[in-house]
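A.B. asks: Quick note: the sequence shown uses UniProt numbering, first residue 1, plus one each step. Ideal Cβ positions, reconstructed from N, Cα and C, are used throughout, including at glycine. All figures in this text were calculated on a predicted structure; none of them were measured in a lab. Take this structure, written in structure tokens, and hold onto it; I'll ask about it next.
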Amino acid sequence: MADFPYLHGYPAPLLEQVHALMSSGELGAVLAKKYPERHDVQTDKALYQYVAEIKQRYLKNAPQPSKVIYDNQQHPVKGTLGTNTFVARVQGGRLKTKNEIRIASLFRDAPEAFLKMIVVHELAHLKEKDHDKAFYQLCRHMEPDYHQLEFDLRVWLTWREAEPAASRR
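Structure follows, in structure tokens:
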């Protein structure tokens, strides 16, 4: 069976299903049927607004990120689909803190559900820094299907890397 870098740790029967769908050339069609909708969040400004709306709905008391952008430097093979950075600077006699959310540019072309899953993940870091039980409970509060979306996103990334760019659309 092929090595699936995004699917390490998942049970063998799931990996066998993914492998069978890839081998038969059906994986792209299955993903397209399950996630047919693309999104219109194409600019950094639109992404900031998208994140702000989700944050306002679920995390009203959390600080608003100072910047939200698509980032070409984020790459899934290197393990980053998005980042949430916190910066503290001394300005005069005060300590100023701000945070930035950067989402991998490949999510411009992803189904909307995957973009939302990444945004939810990064927003959860506003309250919970570590990937612990409380973090994932918060993710599931904002997106009840969080774990299924995370798996499907990993399958989509696997398919995306295996397929030529021309056949993805």
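#1: Rounded to the nearest angstrom, what separates S23 and A29 at their Cα positions?
#2: Three-state secondary structure (DSSP) at Q64?
#3: Do G82 and E53 count as a contact pair if the criterion is CB distance below 9 Å?
#4: Looking only at C-alpha atoms, which of Y70, R38, V90 and H8 sits nearest to residue 170?
#5: Tell me which residues share the same chain as Y146 and place their Cβ nearer than 6 Å to its Cβ, disregarding the 5 neighbours each side in the sequence.
#6: Please report how far the alpha carbon of E150 lies from the alpha carbon of D40, in whole angstroms.
#7: Less than 7 Å between C-beta atoms, sequence neighbours within five positions excluded: which residues of the same chain meet that for F4?
#8: Can you tell me which of D109, H125 and S66 puts its alpha carbon nearest to the alpha carbon of K96?
#9: If we ignore side chains and look at the alpha-carbon of each, how far apart do V90 and Q64 end up?
#10: Rounded to whole angstroms, how far is the Cβ of F135 from the Cβ of I118, which I believe are closer than 8 Å?
C.D. replies: Considering the structure as presented:
#1: 13 Å
#2: coil
#3: no
#4: Nothing in the structure corresponds to residue 170, since the chain is present only between 1 and 169.
#5: C139 and R140
#6: 21 Å
#7: L15, V18 and T158
#8: S66
#9: 19 Å
#10: The pair is not a contact, with the Cβ atoms about 14 Å apart (cut-off 8 Å).
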